[in-house]
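Q: Once you've had a glance at the structure underneath, I'll fire off some questions.
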Amino acid sequence: MRLVNIGICGLGTVGAGVFNVLGRNSQQINSRANCDLVIAQLGARRDNPDCNTADTNVTRDIFEVAKNPNIDIVVELIGGTDVAYELVMTALDNGKHVVTANKALIAQHGMEIFAAAEARGLMVAYEAAVAGGIPIIKALREGLSGNRINWLAGIINGTTNFILSEMDSKGREFADVLTEAQEKGYAEADPTFDVEGIDAAHKLVIMTSLAFGMPLSLDGIFTDGITRLEPQDVSYARELGYAVKHLGITRQTDQGVELRVHPTLVPETCLIAGVNDVSNAVMVNADAVGTTLFYGPGAGSEPTASSVIADIVDVARAMNADADTWVPALGCQSSALQPQKIMDIQDIETSFYIRFSALDQPGVLSDITGIMANAGISIEAIIQKEQPVGEDYVNVIILTNVTKERLLDAAVENIEQLETVRGSVTFIRVEHLDQ
Ligand SMILES: NC(=O)c1ccc[n+]([C@@H]2O[C@H](COP(=O)([O-])OP(=O)(O)OC[C@H]3O[C@@H](n4cnc5c(N)ncnc54)[C@H](OP(=O)(O)O)[C@@H]3O)[C@@H](O)[C@H]2O)c1
Numbered sequence: 021m022r023l024v025n026i027g028i029c030g031l032g033t034v035g036a037g038v039f040n041v042l043g044r045n046s047q048q049i050n051s052r053a054n055c056d057l058v059i060a061q062l063g064a065r066r067d068n069p070d071c072n073t074a075d076t077n078v079t080r081d082i083f084e085v086a087k088n089p090n091i092d093i094v095v096e097l098i099g100g101t102d103v104a105y106e107l108v109m110t111a112l113d114n115g116k117h118v119v120t121a122n123k124a125l126i127a128q129h130g131m132e133i134f135a136a137a138e139a140r141g142l143m144v145a146y147e148a149a150v151a152g153g154i155p156i157i158k159a160l161r162e163g164l165s166g167n168r169i170n171w172l173a174g175i176i177n178g179t180t181n182f183i184l185s186e187m188d189s190k191g192r193e194f195a196d197v198l199t200e201a202q203e204k205g206y207a208e209a210d211p212t213f214d215v216e217g218i219d220a221a222h223k224l225v226i227m228t229s230l231a232f233g234m235p236l237s238l239d240g241i242f243t244d245g246i247t248r249l250e251p252q253d254v255s256y257a258r259e260l261g262y263a264v265k266h267l268g269i270t271r272q273t274d275q276g277v278e279l280r281v282h283p284t285l286v287p288e289t290c291l292i293a294g295v296n297d298v299s300n301a302v303m304v305n306a307d308a309v310g311t312t313l314f315y316g317p318g319a320g321s322e323p324t325a326s327s328v329i330a331d332i333v334d335v336a337r338a339m340n341a342d343a344d345t346w347v348p349a350l351g352c353q354s355s356a357l358q359p360q361k362i363m364d365i366q367d368i369e370t371s372f373y374i375r376f377s378a379l380d381q382p383g384v385l386s387d388i389t390g391i392m393a394n395a396g397i398s399i400e401a402i403i404q405k406e407q408p409v410g411e412d413y414v415n416v417i418i419l420t421n422v423t424k425e426r427l428l429d430a431a432v433e434n435i436e437q438l439e440t441v442r443g444s445v446t447f448i449r450v451e452h453l454d455q
């Protein structure tokens with residue numbers, strides 16, 4: 021059989037998974053790729069006790085792999101955007117196809133990388149960059165290619181989903197669960213990328229490009245994390261029949277494309293509301309197929325390796341075929357990609373959950389409903405919680421019908437100015453995720 025030489029750069033969590041699964045399932049993988057896939061060289065700064073590389077050519081210099089004349093496919097698994105960018109460009113300059121799991125790299129430098137690959141007649145594959153083991157890139161790019169995609173919404177960061185699941189099921193505080201997530205290895209020592217929504221933003225931008233045929237760009241994306249979320253809101257949401265999920269949402273509208281990452285109330289009856297712990301899920305709504313849900317492990321050594329290896333198989337199969345038959349990185353030729361207006365978050369229309377603390381006295385609620393009515397916002401439900409012993413203030417929770425965020429903001433400002441309302445108003449967007 022034809023021999024295809026692979027060079028793996030980075031032997032951390034994912035690198036070790038790829039090494040081990042390629043070794044364990046080599047017979048099936050080779051027959052699917054219709055070639056003999058061989059790890060010709062590994063670039064690793066140090067050994068990883070999770071894999072036995074004794075019989076493999078290991079170099080401490082990852083750039084040696086990118087320049088090795090025997091290697092056909094370079095697999096970038098070091099993470100980050102500086103050295104990884106240089107590594108990928110060096111690999112392309114040296115005529116190698118590239119497979120990467122790096123969402124930050126693709127979201128930030130994807131257009132440049134794909135253009136460099138196209139100019140050199142090479143492939144860049146990145147299935148593992150979004151939702152780990154779930155083959156969502158292939159689904160959006162190939163499986164749904166007959167559709168006009170309307171919207172997609174995904175739980176695309178396992179760390180935040182784990183934290184929210186714990187806050188929900190056990191009423192725990194954000195900071196307390198974050199510490200446990202770090203101890204369990206779900207969250208990085210610096211969790212900013214996860215808990216502030218940056219990692220999810222990278223993944224959402226990639227899916228948006230595929231869904232709507234747009235160039236990759238982080239410009240205009242609205243990003244909010246889960247750090248300010250309070251257990252009482254997760255608990256009140258449950259009482260109202262909703263789960264709080266950290267969603268990446270993109271939607272094609274007449275006013276442009278919605279592109280936003282934020283905590284969201286979703287009805288308990290919606291399948292995605294039941295996706296807990298470190299799992300990921302992406303709901304895609306499209307004109308022909310309707311709504312589909314892709315669910316599974318969004319991270320982890322072997323789940324992520326599963327996607328990396330699928331890319332290696334695709335590239336190895338396609339290497340011998342005419343480049344015209346290759347599936348383009350973003351689903352269509354780069355010349356066919358069309359930039360679109362990204363909507364300002366203030367122009368987005370959705371429902372809202374609102375909570376504030378108000379004096380428990382006659383007339384207060386009518387002041388508030390008056391403010392909402394003046395802003396043109398209709399109320400779906402209003403709940404006044406029981407007055408805690410010795411407290412003059414009570415929590416009031418409002419669920420609105422669909423309204424423009426700009427109107428909601430103005431109403432919130434007016435509510436905060438009422439003398440009968442204490443502190444600031446908390447609001448969380450609500451999505452029903454129906455057709
Ligand atoms: N972990 C997941 O579940 C997951 C899921 C989907 C996608 N990804 C993506 O996969 C990529 C790898 O993630 P990971 O979790 O495997 O990270 P990791 O465990 O930190 O592994 C990265 C490895 O690359 C090595 N490395 C970094 N810079 C290097 C350099 N200049 N020369 C040689 N080695 C270098 C690191 O070596 P040292 O240990 O010496 O620093 C480490 O062994 C990232 O882009 C990540 O976003 C990860």
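For the sequence shown, this note's numbering begins at 21 and goes up steadily by one.
Note that the Cβ used here is the ideal one computed from N, Cα and C, for glycine as well.
1) Tell me whether threonine 79, by its Cβ, gets closer than 7 Å to a heavy atom of ligand 1.
2) Taking a contact to mean a Cβ-Cβ separation below 8 Å, would you say glycine 27 touches valine 85 in this structure?
3) Any chance the CB of asparagine 122 is under 7 Å from a heavy atom of ligand 1?
4) With C-beta atoms as the reference, is glycine 191 less than 8 Å away from proline 283?
5) Is there at least one non-hydrogen atom of ligand 3 closer than 7 Å to the beta-carbon of valine 108?
6) Just to confirm my understanding: we take asparagine 114, look at its own chain, exclude 5 residues before and 5 after, and list those with CB closer than 7 Å. What are they?
7) Mind listing, in chain order, the continuous alpha helix (DSSP H) runs of no fewer than 4 residues lying wholly within the segment 231-289?
8) Helix, strand or coil for valine 225 per DSSP?
9) For arginine 168, which residues in the same chain have their Cβ closer than 6 Å to its Cβ, ignoring the five residues on either side in sequence?
10) For the segment 328-412, which segments carrying the alpha helix (DSSP H) assignment without a break, of at least 4 residues, lie completely within its bounds, in sequence order?
11) Assign serine 51 to buried or exposed, taking buried as 16 or more other Cβ atoms, counted over all protein chains shown, within 10 Å of its Cβ.
12) Where does the unbroken beta strand (DSSP E) through aspartate 214 begin, and where does it stop?
13) Expressed to the nearest angstrom, what Euclidean distance is found between the alpha-carbon atoms of glutamine 366 and threonine 270?
14) Count the CB pairs spanning the segment 198-215 and the segment 341-348 that are closer than 8 Å, and state whether there are at least three.
15) By how many angstroms is the C-alpha of glutamate 147 removed from the C-alpha of lysine 158?
16) Would the segment 180-188 and the segment 344-353 be scored as touching if the rule is three or more Cβ pairs under 8 Å?
17) Isoleucine 98 by DSSP, collapsed to three states: which one?
18) From Asn25, Asn45, Val24 and Ala195, pick the residue whose C-alpha is nearest to that of alanine 325; which is it?
19) Looking at C-alpha atoms only, which residue of Gln275, Val416 and Leu160 is the closest neighbour of leucine 17?
20) Could you tell me if lysine 204 is buried or exposed, where buried requires 16 or more neighbouring beta carbons within 10 angstroms of its beta carbon?
21) Count the other CB atoms within 10 Å of the CB of leucine 107; is the residue buried (16 or more) or exposed (fewer)?
22) Under a three-way DSSP split, which group does leucine 62 fall into?
23) Does the distance from the C-beta atom of methionine 21 to that of aspartate 56 stay below 8 Å?
24) Since glutamate 451 and leucine 267 are thought to touch, with beta carbons under 8 Å apart, how far apart are those beta carbons, to the nearest angstrom?
25) Applying the 10 Å Cβ sphere with the 16-neighbour rule, what's the burial state of lysine 223?
26) Could you tell me if the beta carbon of threonine 180 falls within a distance shorter than 7 Å of some heavy atom in ligand 1?
27) For aspartate 337, which of Ala36, Ala221 and Ala53 has the nearest alpha-carbon?
28) From which residue to which residue does the beta strand (DSSP E) around serine 299 run?
29) Which residues does DSSP pair with histidine 117 in a beta bridge?
A: By the coordinates alone:
1) No, Cβ of threonine 79 sits at least 7 Å from all heavy atoms of ligand 1.
2) Yes, they are a contact pair.
3) Yes, Cβ of asparagine 122 sits closer than 7 Å to a heavy atom of ligand 1.
4) No; because the gap between Cβ atoms is not below 8 Å, this pair is not in contact.
5) The model on display carries ligand 1 but not ligand 3.
6) Here the set comprises Ala86 and Lys87.
7) Fully enclosed alpha helix (DSSP H) runs of 4 or longer: 251-259.
8) For valine 225, the three-state secondary structure derived from DSSP is helix.
9) The answer, listed in chain order, is Asp307.
10) Qualifying alpha helix (DSSP H) stretches, in chain order: 384-394.
11) Counting Cβ neighbours within 10 Å, serine 51 comes out exposed, since fewer than 16 surround it.
12) Secondary structure note for aspartate 214: it is in no beta strand (DSSP E), and the uninterrupted alpha helix (DSSP H) holding it is 212-215.
13) Roughly 15 Å separates the two Cα atoms.
14) For the pair of segments examined, the segment 198-215 was found not to touch the segment 341-348: the number of CB pairs separated by less than 8 Å stays below three.
15) Their Cα atoms are separated by approximately 7 Å.
16) Remark: fewer than three beta-carbon pairs, one from each stretch, lie closer than 8 Å, so the segment 180-188 and the segment 344-353 are not flagged as touching.
17) Judged by DSSP in its simplified three-state form, isoleucine 98 adopts coil rather than helix or strand.
18) Nearest C-alpha to alanine 325: Asn45.
19) A question about residue 17 goes unanswered here, because the residues of the chain that appear run from 21 up to 455.
20) Burial call: exposed.
21) Per the 10 Å Cβ criterion, buried.
22) Strand.
23) At a Cβ-Cβ threshold of 8 Å, methionine 21 and aspartate 56 count as neighbours.
24) At roughly 7 Å, the Cβ-Cβ gap stays under 8 Å, so glutamate 451 and leucine 267 are in contact.
25) Taking every protein chain shown into account, the CB of lysine 223 has 16 or more other CB atoms within 10 angstroms, so this residue is buried.
26) Taking 7 Å as the cut-off, one finds no heavy atom of ligand 1 near enough to the beta carbon of threonine 180.
27) Inspection of the sequence shows that residue 337 is occupied by arginine rather than by aspartate. Considering only Ala36, Ala221 and Ala53, the residue with the shortest C-alpha distance to arginine 337 is Ala53.
28) DSSP places serine 299 inside the beta strand (DSSP E), whose first and last residues are 299-306.
29) According to DSSP, which records beta bridges pairwise, histidine 117 is partnered with Ile93.
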